[in-house]
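Chemist: Just so you know, the sequences run in chain order A and B.
Counting along the first sequence from 1, when you hit position 155 you're at 148 in my numbering, and nothing is skipped either side.
Here my numbering = 1-based position in the second sequence + 158.
Quick reminder that beta carbons are idealized off the backbone N, C-alpha and C, glycines included.
Once you've had a glance at the structure underneath, I'll fire off some questions.
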Amino acid sequence: MLSQIRQRVNLFWVWIAALLAVIAVGAYAVFLIMYKGLVVTNLTDGAPWGLWIILDLSCIGVAAGAFSLSALTYLLGQEQYQPLARVAVFVGILGYSGALMALVLDIGRPDRFWHGWVHWNIHSMLWEVTLCITLYFLVLTLEVFPMVVEMPIFDRFPWLQDLGHRIHRFAPVLAIIGMGLSLLHQSSLGGTYGVVVGRAALFRPTMPLLFIVSAVAGGIAFSVHVTLIVQWITGRLLVPARVLLQAGQLSGAVLLVYLYMRFWDTTAGNYGYVPGRTEAFTTLSAGPFALTFWTWEIFLGGLVAAILLIRARFTGSIALLLTGSGLTVAGLVFNRYHTTLLAFTEPLSVNPPVTDPLITDYTPAWTEWASAFMVIAILVMLFSLGMRYLPAFKGIQVDRPLEERVPRLAQGR
Amino acid sequence: MSEHTRKLDRREFIKLAGALGISVAAGAWVWNEFWAHDDPLGEASAHGGSGPYWAMVIDLGTCIGCERCAFACQATNDTTTGHLWNIVLRDEVTFGKPVFLPRPCMHCEHAPCVEVCPVNATYHREDGIVVMDYQRCIGCRYCMVACPYGARVFNWEERTDENPMVPTWGTIENPRRPRGVAEKCTFCSHRIDAGLERGLRPGYDRSATPACCVICPTEARVFGDLRDPNSPASRKMAGRQAVVLRPELGTKPRVYYLLPT
């Protein structure tokens, strides 16, 4: 009886059910946040940005594969990347959806989310980011639209599919617009921190550059990483191994450039004493963040990741590629984490100095964790459904899917 | 005129000229609206234009740290405990003796909060005071990240608390702000406006002067127009060494501190 059930249970739907459970818990947290206000979080006047902003920045960072690979495919004529670019564009629209969800959770007045469009302040980095992100979301929608209308259920609406084909013919134009918008807002997200004159840890002209370069490395790596996982689970071949290895090597090379920039940014910025910045760097490199900074951001997520990604190309090792790309993404997320939280651990010194430091300690509340995991679960669920049902990701079946492989293993026991 | 150059007929020419005219007009409008201002962030008005230059002068030598300014502010502006607009910091090291440093909003001329607000919800009034439009604020809290003085607080929840400072330290003059918006010290702009309407002089007349300055028992904290040499603020500053907080940032605060002698 039990083995019969086990045989009939489809692992895919077990997976979806598990994600729905995470979403349900998160939905309760979101209800509390909307009903009671942000008081149910651990955000304070001293640390007004926290987990959601880290999630937002990470989502946008890993979504950068969409514009990078589209530009490679359609603008630089590297057509071999096209199947990977399709995955990246799908990851991209989900990443931006996640970022928008995180922002709606984060702002105190979600009912006024549209104000950025009506009341312009062209001097605000965040206004620029708001406009670029929403515009780029439209571009991604146009890029994904042809993939969605390819589904058999849309066969009844030939005009929709026709529209899809027409839009797809503009792929190079969309790639140009997408690249322009991405180059603007990926950098100005760094600029959002970089212009904050009152916080020496952030006030660096390098911030926009560091953000865009790390996003390109992390975005390509993330697309490679999820493609490998999907291929392993479904037994389908979406992107040829050669292309994945090539993309991985590219990501590794960009990561090295990033590490070089980060090295000079950090050393030159702290060679002499700079009030506030030196203290912040000490907090980062020898204080509470030291372990995650050195281990994850610099060593594993930086140096090791770059070496593995480049080495994978030469040895043809998928295991190295999987590890290297995963570590690159981890390094990106930890970078956004350190950047966001470092700002608020630095005391806002006033002159003459005060002995009551305005330092704030921040650890996310359960509501923040639950709602953040809800956003991630929604994205993973949509991604799983997309990979299962979108014809664009049909690939070539080379092995039985995991859901057939695993019950067979269970039965054999 | 040769055949070669006569490619446009009249209709086409009119169309082209019209299109060109419209694009130039549209371009000019966009330019004017968003870029051509000499003073896009209203920093001339931040300077107070030619009108009064409102400023607060705080004497660190006479402040006794009684915190009555904080109490009066909480009563007048109906702020929440723990999220005050005006706080009193304590410095024991700089001058070799305990010195108290009251910290309201600095009403900077180059205010980082005004620069970063994505929706222009915080802005300079005509007279240079930095205020909030609570109906426009989206609650992104970028201004709180940007403020170099930690002068901004957030409405984390719908207010139901009772104001512990009322009626002992004053009466509520400023309506409570809605949930989910940032807020800050206004230099009691409601008192300045109401006072000027009645012909009073802010700084001189108590009901037209910020509540924190009115209540100060040692007159360590005064308000007034720095362009008026007789205003309490100008008289207080005369002959004393005045500093502003974090001058290296170039924010040009309107709150001056007099060093203890």
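Taking 7 Å as the CB-CB cut-off, is B:E273 touching chain A?
Modeler: yes
Chemist: In terms of DSSP beta bridges, what is A:I412 paired with?
Modeler: Lying outside -6 to 406, the shown extent of chain A, residue 412 of chain A is not represented and no answer is given.
Chemist: Nearest chain B C-beta to A:G101 closer than 7 Å, yes or no?
Modeler: yes
Chemist: Which residues of the region 301 to 317 of chain B have a Cβ closer than 8 Å to any Cβ of chain A? Give them in chain order.
Modeler: M302, V303, A304, C305, P306, Y307, G308, R310, V311, F312, N313, W314, E315 and E316
Chemist: Taking 7 Å as the CB-CB cut-off, is A:T288 touching chain B?
Modeler: Output row for A:T288: interface = no.
Chemist: Does the beta carbon of A:H331 sit closer than 7 Å to a beta carbon anywhere in chain B?
Modeler: no
Chemist: DSSP three-state label for A:V7, please.
Modeler: It is helical.
Chemist: Beta-carbon of A:T123 versus every beta-carbon of chain B: anything under 7 Å?
Modeler: yes
Chemist: Using 10 angstroms around the beta-carbon of A:D155, count the other beta-carbons present and answer buried if the total reaches 16, otherwise exposed.
Modeler: exposed
Chemist: Report yes or no: is there a C-beta of chain A within less than 7 Å of the C-beta of B:N278?
Modeler: Interface residue, yes.
Chemist: Going by DSSP in three states, A:G85 sits in which element: helix, strand or coil?
Modeler: helix
Chemist: When you compare each of A:W8, A:L36, A:N3 and A:W6 to A:E361 by their alpha carbons, which one comes out closest?
Modeler: A:L36
Chemist: Can you give me the Cβ contacts of B:P198 inside the same chain, cut-off strictly under 7 Å, excluding the 5 residues immediately before and after it?
Modeler: For B:P198, the pLDDT reaches just 47, beneath the cut-off of 50, and the residue's location in the model is therefore unreliable, leaving the point undetermined.
Chemist: Name the one or two DSSP bridge partners that B:P360 has.
Modeler: B:D363
Chemist: For the region 364 to 382 of chain A, list every residue whose C-beta sits within 7 Å of some C-beta in chain B, in sequence order.
Modeler: Residues of the region 364 to 382 of chain A whose Cβ lies closer than 7 Å to any Cβ of chain B: none.
Chemist: Span of the beta strand (DSSP E) holding A:Y264?
Modeler: Counting along the chain, A:Y264 falls outside any beta strand (DSSP E), and DSSP gives it neither H nor E.
Chemist: The beta strand (DSSP E) with A:V32 in it runs from where to where?
Modeler: Where A:V32 is concerned, there is no enclosing beta strand (DSSP E), given that its DSSP letter is neither H nor E.
Chemist: Beta carbon of A:V373, beta carbon of A:L12: below 7 Å?
Modeler: yes
Chemist: Beta strand (DSSP E) containing B:H282: first to last residue?
Modeler: T280 to H282
Chemist: Of all Cβ atoms in chain B, is any one closer than 7 Å to the Cβ of A:W120?
Modeler: Yes, its Cβ sits closer than 7 Å to a Cβ of chain B.
Chemist: Take the Cβ of A:Q390 as the centre, count every other Cβ of all protein chains shown within 10 Å, and call the residue buried at 16 or more, exposed below.
Modeler: Sixteen is the threshold: since fewer than 16 other Cβ atoms of the shown chains lie within 10 Å of the Cβ of A:Q390, the residue is exposed.
Chemist: For B:R294, which residues in the same chain have their Cβ closer than 8 Å to its Cβ, ignoring the five residues on either side in sequence?
Modeler: V277, N278 and A279
Chemist: Figure out for me which residue from A:L325, A:F150, A:I222 and A:V142 has the closest Cα to the Cα of A:V408.
Modeler: With chain A represented from -6 up to 406, any question about residue 408 of chain A goes unanswered, as that position is not in the structure.
Chemist: Closest Cβ-Cβ distance between B:V372 and chain A: below 7 Å?
Modeler: no
Chemist: Can you tell which of B:N244, B:A269, B:R169 and B:H265 has the C-alpha that lies nearest to the C-alpha of B:F258?
Modeler: B:N244
Chemist: Chain A beta carbons: is any one of them nearer than 7 Å to that of B:I296?
Modeler: yes
Chemist: Do we get a CB-CB distance below 7 Å when we pair A:G319 with the residues of chain B?
Modeler: no
Chemist: Listed from N- to C-terminal order along the chain, which residues in the region 315 to 344 of chain B have their beta-carbon within a distance smaller than 7 Å of any beta-carbon of chain A?
Modeler: E315, E316, R337, G338 and V339
Chemist: Using a Cβ-Cβ cutoff of less than 7 Å, which residues in the same chain neighbour A:R304 once the five nearest sequence positions on both sides are dropped?
Modeler: If we look at A:R304 and ignore the five residues flanking it on each side, its Cβ neighbours are L313.
Chemist: For the structure I just gave you, are there three or more beta carbon pairs, one from the region 86 to 104 of chain A and one from the region 120 to 135 of chain A, closer than 8 Å?
Modeler: yes
Chemist: Give, in chain order, every residue of the region 391 to 415 of chain B whose Cβ lies closer than 9 Å to some Cβ of chain A.
Modeler: With the criterion set as a beta carbon lying under 9 Å from some beta carbon of chain A, the members of the region 391 to 415 of chain B are V401, V402, L403, R404, P405, E406, L407, G408, T409 and Y415, in sequence order.
Chemist: So if I threshold CB-CB distances at 7 Å, which residues from the region 226 to 257 of chain B count as touching chain A?
Modeler: H241, L247, R248, D249, E250, V251 and T252
Chemist: Following the continuous beta strand (DSSP E) through B:P260, name the residue where it begins and the one where it ends.
Modeler: V257 to R261
Chemist: Let me see if you follow: with CB-CB separation under 7 Å, is A:P198 close to chain B or not?
Modeler: No, no contact with chain B.
Chemist: Does chain A have any CB closer than 7 Å to the CB of B:P260?
Modeler: no
Chemist: Excluding five sequence neighbours on each side, which residues of the same chain lie with their C-beta closer than 7 Å to the C-beta of A:F138?
Modeler: G157 and I160
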